[in-house]
Amino acid sequence: MLMTVSTLLRSACLAGSIFLVAGCATESQPKLTPAQQAIASMSYEQKTVKFLEIIHADKFTTLAYVQAQDVLNRLFVVSKAPESKRAVLERYEAQANAILDKAIGWDVIKPDVIRLYQANFTDAELAQMIEFYDSPTGKKMLRQLPEINAQVEQLIGSKLERGAAPQIQGLIESMAKELNFSLNSKKR
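Structure (structure tokens):
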């Protein structure tokens, strides 16, 4: 079969169009960074665990441990126990830690925390959060946020003390009086 020049050109144009369309389809897909590729290859469970690692979720219960130690230390100080009794304090601190480990240790609560995060965030959302919190800005936010939150709490507390707290106390006293309730003895 003899091809004319126009048939040959049309075939070349058609092939070029197909190549161009295929090239455009490939070009429209955003190229993933190696970090994004690693995240994309993770299962939902792996993404959840990775995110919890990034945000140091294993430290969520630290405050409970600190508070237990603080109570025991204050008891030791208030009791005016001699330094020779420090071993007693340390023994009770170890017992408190063991009790807390069984109740709220990371290995104990991790499955529940994973379920909570998965109930509240999709696979795609976890991927985006991993990407952000694993970035320099996200890491800085994780480092700075506790201090910023503490400063905000302090700011709110001082504003309340100077402004609203006395007024709220006045409201409480007025309401108690109107209800014939003594705030001191808590009896009518």
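In the working numbering, the protein residues as written are 999 to 1186. Note that CB positions come from ideal geometry on N, CA and C, so glycine has one too.
Separation of residue j from residue i, as counted between CA atoms
i	j	result
Gly1168	Asn1182	14 Å
Val1076	Gln1126	50 Å
Asn1095	Tyr1063	7 Å
Gln1142	Gln1093	33 Å
Arg1084	Ser1180	44 Å
Ala1023	Pro1109	Confidence at Ala1023 is low in this model, with a pLDDT of 46, below 50, so the placement of that residue is unreliable and no value is reported for it.
Ser1039	Val1047	14 Å
Gln1067	Thr1031	45 Å
Asn1178	Ala1163	22 Å
Asn1118	Ser1156	34 Å
Ile1170	Glu1176	10 Å
Glu1151	Lys1100	31 Å
Glu1081	Ile1146	38 Å
Test item: CB-CB of residue i and residue j under 9 Å
i	j	result
Ile982	Leu1050	Any question about residue 982 goes unanswered here, given that the chain covers just 999 to 1186.
Leu1140	Lys1045	no
Ile1052	Gly1136	yes
Ala1033	Glu1129	yes
Thr1059	Leu1098	yes
Asp1132	Tyr1042	no
Ile1114	Glu1091	Here residue 1114 turns out to be Leu, not Ile, going by the sequence shown. No, these two residues do not count as a Cβ contact at 9 Å.
Ala1036	Trp1104	no
Residue i (DSSP reduced to helix, strand or coil)
i	result
Gln1167	helix
Thr1060	helix
Met1040	coil
Ser1082	helix
Leu1124	helix
Gly1103	coil
Phe1179	coil
Ser1172	helix
Ile1052	helix
Contact with chain B by residue i, beta-carbon distance below 9 Å
i	result
Ala1079	Of the protein chains in this structure there is only one, and it is not chain B.
Delimiting residues of the alpha helix (DSSP H) encompassing residue i
i	result
Pro1134	1134 to 1157
Contact test: residue i Cβ vs the ligand GTP heavy atom, cutoff 8 Å
i	result
Tyr1042	Questions concerning the ligand GTP fall outside what the structure shown contains, since it holds no ligand whatsoever.
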